[in-house]
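For the sequence shown, this note's numbering gives the first residue as -14, with consecutive numbering after it.
Beta carbons: idealized from backbone N, C-alpha and C, even for Gly.
To start, the structure under review is shown below, and the notes come after it.
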Amino acid sequence: MSQLITFPDNFIWGCSTAAYQVEGEPYADGAGPSIWDRFSHIPGNVLNGDTGDIACDHYNRYLDDVKLIRDLGMQSYRFSIAWSRIFPQGRGFLNQPGLDFYNRLVDALLEQNIQPMITLYHWDLPQALDEIGGWLNPDIVKWFGDYAEAVFKCLDDRVTYWATLNEPWVITDGGYMHGAHAPGHRSHYEAAIVTHNLMRSNAEAVRRYRSVGKHEIGLVVNLEPKYSFSQSQEDLAATQRADAYMNRQYLDPAIHGTYPEELQEIFGDAWNISPQNGEEKLNEPIDFIGINYYTRGITRYAPDAWPLFAETVHQSQSIYTETGWEVCPEAFTDVLNWVRENYNNPPVYITENGSAFYDPPAAEGGCIDDPLRQSYMRSHIKSVHQAIQDGCDIRGYFTWSLMDNLEWANGFSKRFGLVHINYQTLERTPKESAKLYRQIIETNGGCLNT
């Protein structure tokens, strides 16, 4: 007989967004441009020419959105800060009106008894810094530290959960290796530099927090467990490379202070520019790991798939989301247990988990039924519960996303939200999955037993 599902009494339920994807108003109140402001306005970079100029207009509608978060029963809201709102040039002059927006947002959340969780960097580097090298410039460690410290000093009296970087793998792979994301570079040599500067910056932000902060700070990584297509030596080696590149490239330095050996093989001579810890301590102690999970990868050797020489094999029997990701909740439990076993069972928050599926037109009464998203949510939250039963120290779950938004290079074509956004009117309509999630929160997971 299987054990009834119930989560720990202090388990935190929430939702997540990112600044560029929802805020709009990129130049309001003295803000400077970010690399996504530039990148999205170059024809061909984003599907249908979509940009974050308006997005969900959260910058102007945040009070209504906070009430929406409250009405959906959320206990916490994870959002990111746009660096260029605080420092329009990325450094130097601090723009107080930009900081005041986040002051108001934090206060509004606390008034509704919603805990803020702030991510310092979710991919929107100030354009002014990119023009002097951005993540390729070793001085970015100080710039990021200065930015982080300014935000800590302003908000840490009310914000108890902080994250330094969101998904450094995407920053490197999307922005510098394959060019699908801002700033749009394609260079394995640059990707090696960026990886190391990201991990140096993460450590610096943690050091700054220890000097001025009083609560918890962690790093958010996206993990995709890799399974070998066969037991051939070529497939097994390809799977190890894929795992090192996507999963261990950032967790190993953050927790152990060293990089996976496979990175030398992946990056070749370029990796010589990224010293193995050198004089800098990369594993400054963090209070938690944020884990973003969406899918798994069945991996095999592929001689033309540079630089990993590995590819993911499509599973014909599986359901796939509109982003082409296989639905596999069992792998979610696997990767959480992998973190427990390999990184000394750190405290974990599930900082993103969600799915993009087609949303039908609203039925009479405004109902938007999204059964595939509901099924995804049920199965994946059950997988989190199983990992807790296995001994994982998981302290919260944040669904991605509160509302439909700009899905980066996919524009507005992929809908991850629990709340539907009409992009012509910006009307917000909770989907049936939002109602399910509210029930899950109200029963602390108990409704999943029925």
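Where do the ends of the beta strand (DSSP E) carrying residue i lie?
i: P356; result: That residue, P356, is in no beta strand (DSSP E); its alpha helix (DSSP H) goes P356 to Q374.
i: G(-1); result: I(-3) to S1
i: K211; result: K211 to S213
i: R400; result: First-last for R400: undefined, no H or E at that position.
i: H405; result: V404 to I406
i: Q100; result: Q100 to Y106
i: R413; result: R413 to P415
i: R171; result: Unbroken run through R171: none, as it is neither H nor E.
i: F273; result: F273 to Y278
i: I335; result: V333 to E337
Would you mind stating whether residue i and residue j have Cβ atoms separated by less than 8 Å?
i: W108; j: N151; result: yes
i: Y279; j: W310; result: yes
i: C41; j: N390; result: yes
i: Y44; j: I66; result: no
i: A394; j: V404; result: no
i: R358; j: F383; result: no
i: S19; j: T36; result: no
i: Q100; j: I(-3); result: yes
i: V51; j: Q6; result: no
i: L208; j: V126; result: no
i: Y212; j: T224; result: yes
i: T104; j: V206; result: no
i: S301; j: C313; result: no
i: I240; j: Y328; result: yes
i: R413; j: L90; result: no
Rounded to whole angstroms, what's the CA-CA distance from residue i to residue j? Just pull it up for me.
i: W21; j: I178; result: 21 Å
i: L293; j: A255; result: 14 Å
i: N80; j: P11; result: 14 Å
i: Y305; j: R281; result: 11 Å
i: N407; j: M388; result: 10 Å
i: I425; j: C352; result: 19 Å
i: G17; j: E392; result: 22 Å
i: R193; j: G130; result: 7 Å
i: R23; j: N429; result: 43 Å
i: G169; j: E349; result: 44 Å
i: P332; j: R226; result: 26 Å
i: P123; j: L421; result: 46 Å
i: A190; j: N(-5); result: 27 Å
i: S398; j: G34; result: 11 Å
i: R423; j: M59; result: 7 Å
i: C432; j: R63; result: 24 Å
i: M231; j: L248; result: 10 Å
i: A13; j: Q112; result: 16 Å
i: I274; j: V324; result: 9 Å
i: P346; j: K416; result: 11 Å
i: H173; j: S1; result: 31 Å
i: A372; j: D272; result: 19 Å
i: S61; j: R380; result: 12 Å
i: A176; j: W68; result: 22 Å
i: F137; j: G376; result: 33 Å
Ends of the alpha helix (DSSP H) at residue i?
i: Y62; result: Note, Y62: premise wrong, no alpha helix (DSSP H); beta strand (DSSP E) at S61 to S65.
i: V205; result: No alpha helix (DSSP H) contains V205, which is instead part of the beta strand (DSSP E) from E201 to L208.
i: P82; result: Q81 to E96
i: L140; result: I125 to L140
i: F383; result: Per DSSP, F383 belongs to no alpha helix (DSSP H); it is in the beta strand (DSSP E), I379 to W385.
i: S76; result: Note that residue 76 is Arg in the sequence shown, not Ser. Neither: R76 is in no alpha helix (DSSP H) and is coded neither H nor E.
i: A295; result: Unbroken run through A295 is the beta strand (DSSP E), A295 to T297; no alpha helix (DSSP H).
i: I251; result: E247 to F252
i: T428; result: Neither: T428 is in no alpha helix (DSSP H) and is coded neither H nor E.
i: A223; result: Q218 to D228
i: A4; result: A4 to V7
i: N45; result: H43 to D56
Is it buried or exposed, residue i, if we count other Cβ atoms within 10 angstroms and call 16 or more buried?
i: D56; result: exposed
i: D355; result: buried
i: P238; result: buried
i: N434; result: exposed
i: I202; result: buried
i: G29; result: exposed
i: P260; result: With a pLDDT of only 48 at P260, under the threshold of 50, the placement of this residue in the model should not be trusted; the figure read from the coordinates follows. Under this definition P260 is an exposed residue.
i: L48; result: exposed
i: F78; result: exposed
i: D92; result: exposed
i: W385; result: buried
i: R400; result: buried
Next on the checklist: With three or more beta-carbon pairs closer than 8 Å as the criterion, would you say the stretch 139 to 148 touches the stretch 187 to 200?
Outcome noted: yes
Checklist entry - Are three or more beta carbon pairs between the stretch 360 to 377 and the stretch 325 to 339 nearer than 8 Å? => result Yes, they touch.
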